[in-house]
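Right, one structure below, let's go through it.
In the UniProt record's numbering, the protein residues as written are 1 to 267.
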């Protein structure tokens, strides 16, 4: 069984994390999407850890991290990352987040720019309102007998139909992540997404930024990525022929875009 390290946040929540790569390399932090764990990045680790010391963590409410009941705020999710960096004596790092991880990345770019070198925001959005739809999802999640229906909905939003129908180890892995997600953790994260609106404040991000969007993404539409790229000064946009988990569906193109961007010198 895998052994993860952990630290405790200022509000008493355990956050699980792991390192891959040589300690002498620059740090790259990876932040997972809602409904997944740090293992959503497994396929990218061999390539990324050749050049970076890769730090992955389970977002609060997910995986081996604590899942307190009640609404989470984006501010709290962002401070979890800052506190993790403080606990590990990391002054600055590159940051790559997908979906919810990309929302957290935007928060860091706005509120903790001194801690970020280069920022990659994948399959994400600055706003996913209106609020009532999230209230309905929160209620349904907390009232459901198990995570079966929730998992089916997520998988349908994450992968193209042909890939989903074919099944296989990748789909099985992500289904298992969803089925074992704590319902209170998922509901808490839904609340953070419900309440966030970064459409204007993203203009304050001054770190070199790459936005990756999925052409066929129905969760965070390509137009959302385009808006972020148009709002963040100097941001670069890459649109991949993918749905939501572009790192899984288009791993080679995803890695090429990320590694090429991270290797560039800061402007």
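From the three backbone atoms N, C-alpha and C, an ideal C-beta is built for every residue, glycine too. Please read these numbers as outputs of a predicted model, since none were measured by experiment.
Out of the options, which one is the CA nearest neighbour of residue i?
| i | options | result |
| --- | --- | --- |
| residue 89 | 27, 188, 173, 164 | 27 |
| residue 106 | 215, 198, 240, 251 | 198 |
| residue 184 | 33, 70, 34 | 70 |
| residue 189 | 29, 23, 59 | 59 |
| residue 245 | 260, 206, 174 | 174 |
| residue 141 | 191, 19, 163, 78 | 191 |
Between which two residues does the beta strand (DSSP E) harbouring residue i extend?
| i | result |
| --- | --- |
| residue 104 | Looking at the DSSP string, residue 104 is not in any beta strand (DSSP E); the run it does join, the alpha helix (DSSP H), is 100-111. |
| residue 239 | 236-240 |
Can you name the residues that DSSP bridges to residue i?
| i | result |
| --- | --- |
| residue 6 | 16 |
| residue 122 | 98, 212 |
| residue 54 | 20, 28 |
| residue 138 | Per DSSP, none; premise fails for residue 138. |
| residue 116 | 93 |
Alpha carbon to alpha carbon, what distance is there between residue j and residue i?
| i | j | result |
| --- | --- | --- |
| residue 234 | residue 200 | 15 Å |
| residue 267 | residue 153 | Any reading at residue 267 is ruled out, since the residue's pLDDT is 47, under 50, leaving its predicted position unreliable. |
| residue 43 | residue 248 | 8 Å |
| residue 47 | residue 29 | 14 Å |
| residue 9 | residue 78 | 11 Å |
| residue 134 | residue 211 | 25 Å |
| residue 208 | residue 181 | 33 Å |
| residue 177 | residue 4 | 16 Å |
| residue 50 | residue 21 | 6 Å |
Need the endpoints of the alpha helix (DSSP H) that residue i sits in, please.
| i | result |
| --- | --- |
| residue 158 | 148-158 |
| residue 256 | 251-262 |
| residue 81 | 74-87 |
Original post:
Could you give the uninterrupted runs of the alpha helix (DSSP H) lying entirely in the region 167-238, keeping only those of 4 residues or more?
Top reply: 169-179, 183-195, 222-231
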